[in-house]
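K.L.:
Going by the UniProt record's numbering, the sequence shown opens with residue 1, and the numbers climb by one from there.
Even for Gly, the Cβ is constructed at its ideal location relative to N, Cα and C.
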Amino acid sequence: MNKSLSILTIGSLLYFASGCSQSPAQLQKALEDNPEILVNAIKKNPEKIMAALQVAAQESARNAQEVAAKEQEAKFEAEFKNPLKPELGTRESLGVVNAPITIVEYTDFQCPFCARGYQTMEQVRKTYGDKVRLVVKNLPLSNHPMAMPAAERFEALMLVKPDQAWAFYHEIFAHQDQLNGGGEKYLDSVVKKVGADLAKVKTLMASEKVQSLIRKDMEEAEKFSIQGTPGFIVAGVSVRGAYPFETFKQIIDRKLSEME
Numbered sequence: 001m002n003k004s005l006s007i008l009t010i011g012s013l014l015y016f017a018s019g020c021s022q023s024p025a026q027l028q029k030a031l032e033d034n035p036e037i038l039v040n041a042i043k044k045n046p047e048k049i050m051a052a053l054q055v056a057a058q059e060s061a062r063n064a065q066e067v068a069a070k071e072q073e074a075k076f077e078a079e080f081k082n083p084l085k086p087e088l089g090t091r092e093s094l095g096v097v098n099a100p101i102t103i104v105e106y107t108d109f110q111c112p113f114c115a116r117g118y119q120t121m122e123q124v125r126k127t128y129g130d131k132v133r134l135v136v137k138n139l140p141l142s143n144h145p146m147a148m149p150a151a152e153r154f155e156a157l158m159l160v161k162p163d164q165a166w167a168f169y170h171e172i173f174a175h176q177d178q179l180n181g182g183g184e185k186y187l188d189s190v191v192k193k194v195g196a197d198l199a200k201v202k203t204l205m206a207s208e209k210v211q212s213l214i215r216k217d218m219e220e221a222e223k224f225s226i227q228g229t230p231g232f233i234v235a236g237v238s239v240r241g242a243y244p245f246e247t248f249k250q251i252i253d254r255k256l257s258e259m260e
């Protein structure tokens, strides 16, 4: 714990327990000038002070969660009124092209939260069928060394045969532990497993078309202030993180009701 922060926090607890004899600022200065006062107080009443700190920490966490929830709700409402508009172009998707709801996902093949997001998207697709389509974009994080190589193979496969790319996508997220352990050898084995020509895929991986597409995906995520993975845009409404199915259901159901 930061020294000055701990002194201020514990000092504040002592202040409110001691009445109105000093202001918080005066007490803080006294404790900083004479830290032995604080040390002696902790030694004398360790259980009470630690219990008070735990209560304060729990209350602070609850307050932070409430603030975050209100901010997320406000963001949802703002984006319902003014939806975000990711570039779709001719990107392939899981689901019918004319589905009323388009979900764009910014993903990292090595991100464990993205594996959770993958399962949620599978549940969404199973629940809503032809009402939803999923467009997958790339946001490989620098702290995941296999994320970019996986993204390059995924997009190279899209240029060769989209069905093979989607088979690759499902395989990687279903067996992400093998990616973590097997690295590029595992990725190459999956490319061959889905029936693609590995040499051709390797050539396309380095092409400007693939590199530019991934770069644009990352730039678009940054434009929408999506910095971590997974990130989603559900019919224009952003969901930042591996939120549960219910969060997506709430947005999709509301969007569908507005279309009726």
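Tell me the start and end of each unbroken alpha helix (DSSP H) in the stretch 185-224 that is at least 4 residues and wholly inside, in chain order.
P.N.:
As far as the stretch 185-224 is concerned, its whole alpha helix (DSSP H) runs of at least 4 residues are 198-205, 208-223.
K.L.:
Once the 5 residues before and after L198 are set aside, which same chain residues still bring their CB inside 7 angstroms of it?
P.N.:
As a first step, residue 198 must be located in the sequence shown, where it is residue number 198. The answer, listed in chain order, is D188, V191, K192.
K.L.:
Pop quiz: V194 and E171 are said to be a contact at Cβ under 8 angstroms. What is the actual Cβ separation, rounded to whole angstroms?
P.N.:
Within the sequence shown, numbered from 1, the residue matching residue 194 stands at position 194. Within the sequence shown, numbered from 1, the residue matching residue 171 stands at position 171. Going by Cβ atoms, the distance from V194 to E171 rounds to 7 angstroms, so yes, they are a contact pair.
K.L.:
Can you grab the Cα-Cα spacing for the pair F100 / R254, in whole Å?
P.N.:
Position 100 of the sequence shown, counted from the start, is the residue given in the question as residue 100. Position 254 of the sequence shown, counted from the start, is the residue given in the question as residue 254. Looking at the sequence shown, residue 100 is not Phe but Pro. The straight-line gap from Cα to Cα measures roughly 12 angstroms.
K.L.:
Please work out which residues of its chain come closer than 8 angstroms, Cβ to Cβ, to P112, disregarding the five sequence neighbours upstream and downstream, and give them in chain order.
P.N.:
Along the sequence shown, read from residue 1 onward, the residue named residue 112 stands at position 112. Excluding positions up to five away in sequence, the list reads Q176.
K.L.:
Please check the pair P83 and G231, which I expect to be a contact at CB under 8 angstroms, by giving their CB distance rounded to whole angstroms.
P.N.:
Taking the first residue of the sequence shown as position 1, residue 83 is located at position 83. Taking the first residue of the sequence shown as position 1, residue 231 is located at position 231. P83 to G231, Cβ: 15 angstroms. No contact.
K.L.:
Please say whether A156 and V104 have beta carbons closer to each other than 7 angstroms?
P.N.:
As a working mapping, residue 104 is identified with position 104 in the sequence shown. As a working mapping, residue 156 is identified with position 156 in the sequence shown. For V104 and A156, no; Cβs fall outside 7 angstroms.
K.L.:
Relative to the C-alpha of E219, which candidate in Y106, K200, Q250, A206 has its C-alpha closest?
P.N.:
Position 219 of the sequence shown, counted from the first residue, corresponds to residue 219. Comparing Cα-Cα distances from E219 to each of Y106, K200, Q250, A206, the minimum goes to Y106.
K.L.:
Using a 10 Å radius around the Cβ and a threshold of 16 neighbouring Cβ atoms, would you call L213 buried or exposed?
P.N.:
Against the sequence shown, residue 213 aligns to sequence position 213. Answer is buried; the Cβ neighbour count reaches 16.
K.L.:
R153: buried (16+ other C-beta within 10 angstroms of its C-beta) or exposed?
P.N.:
One-based indexing of the sequence shown puts residue 153 at position 153. Label assigned to R153: buried.
K.L.:
Got a sec, what are the start and stop residues for the alpha helix (DSSP H) K43 sits in?
P.N.:
Your numbering for residue 43 matches position 43 in the sequence shown. 35-44 is the extent of the alpha helix (DSSP H) around K43.
K.L.:
If contacts are defined as beta-carbon pairs under 8 angstroms, then R162 and E92 qualify, I think. What distance do you get, rounded to the angstrom?
P.N.:
Position 162 of the sequence shown, counted from the first residue, corresponds to residue 162. Position 92 of the sequence shown, counted from the first residue, corresponds to residue 92. The sequence shown places Pro at residue 162, rather than the Arg named in the question. That belief holds up - the Cβ atoms of P162 and E92 are roughly 4 angstroms apart, short of 8 angstroms.
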